[in-house]
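Colleague:
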Amino acid sequence: MRNPEPSDGRVTRADRLSATEVADVTALARAAGDADGADPFDEHVLLRLRDPDAPAVHLTARADDGTLVGYAHLDTTDKTAGIGVELVVHPAYRRRGTGRELARAVLAAADGPLRAWAHGDHPSAAALAVDLGLHRARVLWQLRRPLTAPVPDPVLPDGVTLRAYRPGTDDEEWLALNARAFAEHPEQGRWSAADLRVRLDEPWFDAEGFLLAVDGSTGRLLGYHWTKVHERPGSARIGEVYVLGVDPSAHRGGLGRALTAAGLAYLRDRRGLDRVMLYVDESNTSAVALYERLGFARWSAHVNYQST
921 MRNPEPSDGR VTRADRLSAT EVADVTALAR AAGDADGADP FDEHVLLRLR
971 DPDAPAVHLT ARADDGTLVG YAHLDTTDKT AGIGVELVVH PAYRRRGTGR
1021 ELARAVLAAA DGPLRAWAHG DHPSAAALAV DLGLHRARVL WQLRRPLTAP
1071 VPDPVLPDGV TLRAYRPGTD DEEWLALNAR AFAEHPEQGR WSAADLRVRL
1121 DEPWFDAEGF LLAVDGSTGR LLGYHWTKVH ERPGSARIGE VYVLGVDPSA
1171 HRGGLGRALT AAGLAYLRDR RGLDRVMLYV DESNTSAVAL YERLGFARWS
1221 AHVNYQST
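Laid out in structure tokens, this is it:
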């Protein structure tokens, strides 16, 4: 239900958005991403925007002429773990107090601890976080490398083969493997069948680019490299190491390196791309070291701020 009265003057609260409002938010996010060099929302928020049943609080700020100038998304799925917050202000309407207005509305709407992402580690986001009493809790690096540079050959462990993902057939086993591979990860290891299905249904999904490492004698899944291609009008195509996971029982055998190399070769040779990116936690030093040995370098940072 929409709150009949705007909160904090220009900010209005709703628990769902109309299709027109979703389009306005998407256009706002695109304008901010083009100006800042980093999209203001992660994939999780963009998927939830299109799901009318996803539990969320939507805070919108509009100019007098009705233009959407700011938006904040509160993910209330798990209030114990913290309410996820992502906020954006239109580049043409910044430095007018809209960000702080939205932030105050976030505090008023939240009934639990906050987890707020600042994509691109923008200085204004850091200043706003300090004013809100949030502390810098986690840093996610975006790394990039050119695919025009040599890609090492994928040397798989003995008895391991690669094959493409089979939607509907591999789902259950992959979810179990993903949970083991990311048991300590705050988001990835908690994926449900619904989380997987919504991504398998995305236009960008490419089963051939979802590589599975399989034990040749038992058929058991040991690891995977899920690749993705970003295509946006007016922007150059870029590949992504979307998710890379290895079963803990298969660690230290070189499988992670081989899967990474196989996915890079696929993006270069089969998808015709000349650059690739990935995201990795700054604290995951072993993964950062692996990617740097494979030619990746730091491109940008995304910072998670949390309330105490």
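Its first residue numbered 921, the sequence shown is counted upward by one per residue in my numbering. Even for Gly, the Cβ is constructed at its ideal location relative to N, Cα and C.
1. Would you tell me roughly how many angstroms separate the C-alpha atoms of residue 1199 and residue 1215, rounded to the nearest one?
2. Of the residues 1009, 1095, 963, 1057, which one's Cα is nearest the Cα of residue 956?
3. Would you call residue 1222 buried or exposed, if buried means 16 or more other Cβ atoms sit within 10 Å of its Cβ?
4. Would the beta-carbon of residue 1032 fall within 8 Å of that of residue 999?
5. Helix, strand or coil, according to DSSP, for residue 1071 in the structure here?
6. Would the C-beta of residue 951 count as close to the ligand SAM, meaning under 7 Å from any of its heavy atoms?
7. Where do the N-terminal and C-terminal ends of the alpha helix (DSSP H) with residue 1206 fall, by residue?
8. Could you tell me the alpha carbon to alpha carbon distance between residue 1076 and residue 1174, rounded to whole angstroms?
9. Is residue 1039 buried or exposed, if buried means 16 or more other CB atoms sit within 10 Å of its CB?
10. Taking the Cβ atom as the reference point for each residue, do residue 949 and residue 961 lie within a distance shorter than 8 Å?
11. Identify whether residue 1172 lies in helix, strand or coil by the three-state DSSP scheme.
12. Taking only three categories from DSSP, how would you classify residue 1094?
13. Where do the N-terminal and C-terminal ends of the alpha helix (DSSP H) with residue 940 fall, by residue?
14. Under 6 Å Cβ to Cβ from residue 1208, same chain only, skipping five residues before and after it: list those, please.
15. What's the C-alpha gap between residue 943 and residue 1211?
16. With residue 933 and residue 979 assumed to form a contact (beta carbons below 8 Å), what rounded beta-carbon distance in angstroms separates them?
17. What residue does the alpha helix (DSSP H) around residue 986 start on, and which one ends it?
18. Does the region 1021–1029 come within contact of the region 1151–1162, defined as at least 3 CB pairs closer than 8 Å?
19. Counting C-beta neighbours from all protein chains within 10 Å, is the total for residue 1129 16 or more, i.e. buried, or is it exposed?
20. Bridge partners for residue 1159 per DSSP, in chain order?
21. Count the other C-beta atoms from every protein chain shown that fall within 10 angstroms of the C-beta of residue 925, then say buried if there are 16 or more, exposed otherwise.
Modeller: Judging by the given coordinates:
1. 14 Å
2. 1009
3. buried
4. yes
5. coil
6. What this structure holds is no ligand at all, so the ligand SAM is not there to describe.
7. 1205–1213
8. 7 Å
9. buried
10. yes
11. coil
12. helix
13. 939–956
14. 1200
15. 36 Å
16. 6 Å
17. Element bounds for residue 986: n/a, residue is neither H nor E.
18. no
19. buried
20. 1149, 1196
21. Here residue 925 scores only 36 on pLDDT, less than 50, and its place in the model is too uncertain to base an answer on.
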